[in-house]
Amino acid sequence: MSSVVTINTNPYEGQKPGTSGLRKKVKVFVQVNYTENFVQSILDANKDSINGSTLVVGGDGRYLVKEVVDKIIKIAAGNGVGKLIVGQNGILSTPAVSHIIRKFKTLGGIVLTASHNPGGIDNDFGIKFNCSNGGPAPDQTTNEIYKLSTTIKQYKIVPDIQCNIDKIGLQKFKVEDREFIVEIVDSVKDYVDYMKEIFDFPKIKALLQGSERRKAFNVLIDAMNGVTGPYVKRIFIDELGATGNNVRRIVPLEDFGGAHPDPNLTYAADLVNAVKGGDYDFGAAFDGDGDRNMIIGRDAFFVTPSDSLAVLANNLHHIPYFQKTGVKGFARSMPTAAAVDRVAAATGKEFFQVPTGWKYFGNLMDAGRLSLCGEESFGTGSDHVREKDGLWAALAWLSVLAATGLSVEEILTKHWQQFGRNYFTRYDYEECPSDPCNEMMQELEKKMTAPGFVGSRYSANGKEYKVSVADNFSYMDPVDQSVAMMQGLRIVFEDGSRIVMRLSGTGSSGATVRLYIDSYEASDVLGSAQEKLAPLISVALQISDLQKYTGRDKPTVIT
């Protein structure tokens, strides 16, 4: 029998979760009691229902995951948790955690990930809490966790529990007068079984294998040495009959092989070059924890996340899951280009524009008002879980390709000809000094709210723009009427073009400035995105004085 030990501790400053949990450098998390404090604060925020509860625990395989899983097991045992469901070796993708929470109706889950941020001893780690609906904790819960972290005086732990997380099966422990169970589960099985319910795997397999009338559709799937590697192997090789030549970087590594596990044109350049230089019809990459995706076609034809969302919205009827459930509403984050808005209008579906952060989609899904949603930051998902889901997005695209018989580029061209095209780009300025960036945002908001700004004109490259709306975006949840204020500075011009600027909450140090440019063309849909966006980018830099405040003459990443 094991005993609960109470350890005295002191609070750390700055344990405030961002849009997707607490993210810091590894060296921060390994400070004495730092991780223990935050885990205890998560459990204390759920103190009314923690006794005898079941929680899911898993992470993206990055450096420190196994050690923190061990701490969570010991602290959960000390706080009266009845059972933990833990992915083998601590591995569970973020969408898999969401699915397991929902499938087994648990109190929630603790996800160990810094998502698309680099891993390894000198890089990032993260912890976030997902609620019983499977989605990221809402602001009310994260605010409570943070409040508790500022006053914490002790945590409870059972230090002598030794749990082997490498071996699948039940492990039972006697903690004082109660039983504590840890179930180590196959990290992949529940999720893959669910994907086989959602999609027509035989139809996708036939696409990949080809037939007498149609050559095999050649894919290249890149897990970027993140958590999706085992899922990619199980789905594409074991289930869909692909070969080792169709997958790459499928072994999860603690430092992601030294790569930055963010599926965009900059950090997934290896995939882009491989597809461009090879006989591939389709490419997909996923981030560290498996919730983000990038889709490209033959010759590395790039599909922006905004266009990907719109194309899927217009083709959900090809997916068995939606044939059963019906298609409800569509939603996007505010900075995401407005392409899906036009599909919603054309199909008569309810449409929502929400702040950045997947948690804002959850209420709409739980209320039965939302089927498909996405963010321009390479996140796409549906109401099958309450997280964005990279593998789901790739399988959704393959379902559409199998049903239409078109190529990726043909699908996009046809879509633009029907709906028009939102030319879109995002400039990221990463790890900038925080104080000047905060000052920049304050000064820009002052400029935007000054008399005469609405109605003012700006010009660049021979094109003129007239301001019609300027605000700091706010959102009232139509389900619970909660309000999120100051979600990003937004300048809308009379022709529908937009400039959006915000500071990201997903970095681990400094400030990340994100500048979004969205320009709509009804008929000129096959132009160069770079040329079409150049005038508005110039105007954005002019209005914001971004280069002066950041000290950067170019962004870290362009997507």
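Note that the working numbering numbers the sequence shown so that position 439 is 428, with each residue one more than the last.
For every residue, glycine included, the Cβ atom is placed at its ideal position computed from N, Cα and C.
Source: prediction; values computed, not measured.
Contact between V216 and D49 holds: CB atoms are separated by about 4 Å, below the 8 Å threshold.
Less than 8 Å separates the beta-carbon of P241 from that of N214.
Secondary structure of L390 (DSSP, three-state): helix. DSSP, reduced to helix, strand and coil, places S508 within a strand of the structure shown. One alpha carbon belongs to A500, the other to I134, and they sit about 23 Å apart. Of the residues assessed, T548 falls on the buried side of the cut-off, its CB having 16 or more other CB atoms within 10 angstroms. Distance from the CA of D227 to the CA of L260, rounded to the nearest whole angstrom, comes to 22 Å. Taking C-alpha positions only, L390 is separated from K145 by approximately 53 Å. When DSSP states are grouped into helix, strand and coil, P125 belongs to the strand group.
Comparing alpha-carbon positions, the option among L515, P309 and S371 lying closest to E399 turns out to be L515. With a 10 Å radius around the Cβ and a threshold of 16 neighbouring Cβ atoms, P440 comes out exposed. For the alpha helix (DSSP H) assignment, the uninterrupted runs of no fewer than 4 residues enclosed by the segment 337 to 419 are, from N- to C-terminal side, 348 to 355, 379 to 393 and 397 to 408.
With fewer than 16 other Cβ atoms from the protein chains shown falling within 10 Å of its own Cβ, P422 counts as exposed.
In its chain, beyond the 5 residues on either side, D417, Y418 and E419 have a beta carbon closer than 7 Å to the beta carbon of T545. Taking the CA atoms as reference points, V264 sits about 8 Å from F271. Counting C-beta pairs with one atom in each stretch, the segment 469 to 486 and the segment 442 to 457 have three or more that are closer than 8 Å, which means they touch.
Secondary structure of Q476 (DSSP, three-state): coil. DSSP, reduced to helix, strand and coil, places R51 outside both helices and strands of the structure shown, so it counts as coil.
The beta carbon of E428 sits closer than 8 Å to the beta carbons of Y538 from its chain, once the five residues preceding and following it are set aside; these are given in chain order. Boundaries of the beta strand (DSSP E) harbouring Y454: K452 to N461, taken from the DSSP string. Between Q160 and C152, the alpha-carbon positions lie close to 7 Å from each other. Per the Cβ contact rule, the segment 365 to 378 is in contact with the segment 115 to 124 (3 or more Cβ pairs under 8 Å). By the neighbour-count criterion, in which 16 or more other beta carbons inside 10 Å mark a residue as buried, P467 falls on the exposed side.
Between L53 and the set P148, F114, G218 and R487, the nearest pair of CA atoms involves F114. In the structure shown, S87 adopts helical secondary structure according to DSSP, grouped into three states. By the neighbour-count criterion, in which 16 or more other beta carbons inside 10 Å mark a residue as buried, V236 falls on the buried side. Between P250 and G277, the gap from beta carbon to beta carbon is short of 8 Å. Note: A320 is bridge-paired with F341 and C362 in the DSSP secondary-structure output.
F118 and A65 have their C-alpha atoms roughly 14 Å apart. Around the C-beta of R321, 16 or more other C-beta atoms lie within 10 Å, and the residue is accordingly described as buried. By a beta-carbon distance limit of 8 Å, A302 contacts V329. Their separation comes to about 5 Å.
Rounded to the nearest angstrom, the Cβ distance from V171 to G67 is 14 Å, too far for a contact under 8 Å.
In the three-state scheme derived from DSSP, where H, G and I count as helix and E and B as strand, N282 is classed as strand. Taking a 10 Å sphere around the C-beta of H306, we find fewer than 16 other C-beta atoms and assign the residue as exposed.
Around the C-beta of E201, fewer than 16 other C-beta atoms lie within 10 Å, and the residue is accordingly described as exposed.
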